[in-house]
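Line by line, the protein sequences are chains A and B. Each residue of the first sequence is one higher than the one before, counting from 1 in my numbering. Each residue of the second sequence is one higher than the one before, counting from 313 in my numbering. Remarks on the structure that follows.
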Amino acid sequence: MTIPDGARGAPAIEVRDLRQSYGDFEAVRGVSFQVQPGELFALLGTNGAGKTTTIEVLEGFSAPTGGSVKVLGHDPFTERARVRARTGLMLQEGGFFGDLTVAETVRFWRDVSPRKPCSATEILERVELADKAGVRVRQLSGGQKRRLDLALATLARPQVLFLDEPTTGMDPEARRNTWTLIQDLVAAGTTVLLTTHYLEEAEQLAGRLAIMHAGRIELTGTVAEVVAAHGHSIRFQHPAQVAARHLPALNGVRPRVERGTVEYRLSPDPADTQHALARLLAWASEHRLVLTRLEVRSASLEDVFLEVAHGA
Amino acid sequence: MALSRPQSPSLDPSLLLGNTWRVARLDLTLLLRNRMAFFTAIAFPLLLGSVALLLRSGYVSGVSTGLYTLTGMLALAGFFVTFMHLTTVFTVRREELVLKRMRGSVLSETAIFAGSGLATTLVYVVQAAVLITLSITTLGGHLPRNLPLLFLGVVLGSVMFVPLAAALSGVTKSGESAQITVLPAMLVLAATSQASFPLTGMPELLQRIAASLPLSPVVDVIRIGYFGLDFTTAAPHPELGFTQSWAAAAPRLLLICAWIVVGTLIARKYFRWEPRHG
């Protein structure tokens, strides 16, 4: 189930048949994708799917075991000097000097950065940490640390930004504000590679996404493409007076009955869905049944994700 | 994971120097803020040096016991301020993913290590100045007979301990265990370097082995620089002129340089940037 990459140009990120092993364990098994300049691409997957390994290779922390990666046209591991000054990265966790204050932390990283488009105060205001400037980093909450991390990742206005689970631990308001900040960066032309466990985050932010499982990309495309490829479903509460084996097939599809709910998984074609629904309603009328909690809906990203995660 | 294999950022020398200084300044700030680090790297070496104040009478190896001990403690101070402190710093920073963040930035690996080394070397130089002042004011000592040589011994000694600390941190699991992994090295080096007592009673082979361990040449160079006597030979040590002291110290300086190379090679093999894969 693969949807081709988006419109092709000179990609900001290019991954070809990436493989990465640690001893006998193959964490990434032949992953390929491209991210165009100014695009936000999300990598989704369960824990251990290979997202962080992939992003770490792209960040230049390790050389790939097989295949190749390019960031802004350069190998991020062997050509670090060319890549680092133009990229920003947000680690999954930690990485702070706990005894420094928030302001000192920003000042240090701003000082070492070759580009200084704004002051430390402006940077802290951007992530709403200006009131914490004098607080030691170890005293910040988990969400505040994530915001500080985002500030550090973006302070040099990088061309490519790697965000590894950027909103973990944030409260809903901070998460929304972070999304706005990320959307502004993308609108300004920054290329973003994002990993997240929050599907809503991917739906909100990603131009395209890939769902990884066991070191491979199982699905890729825009949110609409990924979801549309998954089809529609009709659900209703299982009528007590009808045995599961007597439920009708719709468009040749047999239902699944789980925890009192009947579900038909249909093709993405709306005409098929409409036909199936008409057939179901006719059957219910014929048997004098009232179908409670009847719903027809497109698959959600969560449905797709869970199906991939369960190896369906 | 090697200390450096790929092309590293900040190849521009001025940027490298600037970033090295920024890391050093940061490390000095953190050193002064962390009580444990402050005690290990700053207070304890000075306390050790102060032990010499209790040894005002008698002679060892042809010089006063107090000055002999103080110059030995001056060499040993480098072990604490650089080796012991940096082993802990590198280990804790790896655990807390600080090293990962630093490596993922525009900072080069050279700037990361050189910056931390520069900070401890500056502290060590100040400690050396304090201890020498102490020797003059309380132990009837004098200004070093060859100050540049003593200074070089202090600086090279500190530089030598940077890659050795990086190497040891690579096999150290946590910040807490760093104190334990450093302990055997401290005991061996302190006992074999003649920092506090001569090894003349030891079999010749063991003396030779002891003389080739990292701290021994630092002790010798500092004593040659301070006393102007040839501490590479058995007592009574012949007096040396300024030029002669450089010649006498040269093999010991070369040995320190050899340890810098060896330490770097070991660090390349064992140093890890992050807890997960290194």
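Glycine included, C-beta positions come from ideal geometry on N, C-alpha and C.
If you draw a straight line from the C-alpha of B:T422 to the C-alpha of B:G553, how long is it? 38 angstroms
Around the C-beta of A:E104, are 16 or more other C-beta atoms found within 10 angstroms, so that it is buried, or is it exposed? buried
To the nearest angstrom, report how far apart A:E203 and A:S298 are at their CA atoms. 15 angstroms
Among all the DSSP beta bridges, which residues are the ones paired with A:V257? A:V262.
Is the closest heavy atom of the ligand MG to the C-beta of A:L291 under 8 angstroms? The model on display carries no ligand, and the ligand MG is accordingly not part of it.
At a Cβ cut of 9 angstroms, what residues of the segment 92-112 of chain A count as close to chain B, listed as they run along the chain? Q92, E93, G94, G95, F96, F97, G98, D99, L100, E104, F108, W109, D111 and V112
With a cut-off of 9 angstroms, does the C-beta of A:G60 fall near any C-beta of chain B? yes
Is the segment 27-42 of chain A touching the segment 184-201 of chain A in the sense that three or more CB pairs, one from each, lie closer than 8 angstroms? yes
Grab me the residues of B:G482's own chain with a C-beta within less than 6 angstroms of its C-beta, minus the 5 sequence neighbours each way, in chain order. Y582, F583 and R584
List the residues that DSSP assigns as beta-bridge partners of A:D394. With chain A represented from 1 up to 312, any question about residue 394 of chain A goes unanswered, as that position is not in the structure.
Taking only the alpha-carbon atoms, compute the straight-line gap between B:L343 and B:S428 and give it to the nearest angstrom. 10 angstroms
Range covered by the beta strand (DSSP E) that runs through B:S505: Counting along the chain, B:S505 falls outside any beta strand (DSSP E), and DSSP gives it neither H nor E.
Under 9 angstroms by beta carbon: chain A residues contacting B:R564: Result: empty, since nearest Cβ-Cβ is about 37 angstroms, beyond 9 angstroms.
Starting from the beta carbon of B:R334, find every residue of chain A whose beta carbon is closer than 9 angstroms, and list them in chain order. F108, D111 and V112
For B:K412, would you say it is in contact with chain A, using Cβ-to-Cβ distances shorter than 9 angstroms as the test? At least one chain A Cβ lies under 9 angstroms of B:K412.
Distance, A:V57 Cα to B:K412 Cα: 13 angstroms
Quick one: does A:L18 have its CB under 9 angstroms from some CB of chain B? No, A:L18 does not count as interfacial toward chain B.
Of the residues that make up the segment 72-84 of chain A, which ones have a beta carbon closer than 7 angstroms to any beta carbon in chain B? Residues passing the 7 angstroms Cβ filter: F77, T78, E79, R80, A81 and R84.
For B:L419, I'd like the list of residues in its chain whose CB is within less than 6 angstroms of its CB, leaving aside the five on either flank, ordered along the chain. N331
Which first and last residues belong to the alpha helix (DSSP H) in which A:T211 is found? Here the sequence assigns Ile to residue 211 of chain A, which means Thr is not the residue at that position. Here A:I211 belongs to no alpha helix (DSSP H); instead the beta strand (DSSP E) covers R208 to H213.
Taking the alpha-carbon positions, what's the A:T2 to A:G60 distance? With a pLDDT of 42 at A:T2, under the threshold of 50, the predicted position of this residue should be treated as unreliable, and no value is reported.
Give a yes or no on contact between the segment 12-25 of chain A and the segment 172-182 of chain A, applying the rule of three or more CB pairs nearer than 8 angstroms. no
Which residue's Cα is closest to the Cα of A:H275: A:R245, A:G260, A:P239 and A:S233? A:S233
Excluding the 5 residues flanking A:V135 on each side, which residues of the same chain have their C-beta closer than 8 angstroms to its C-beta? T101 and V102
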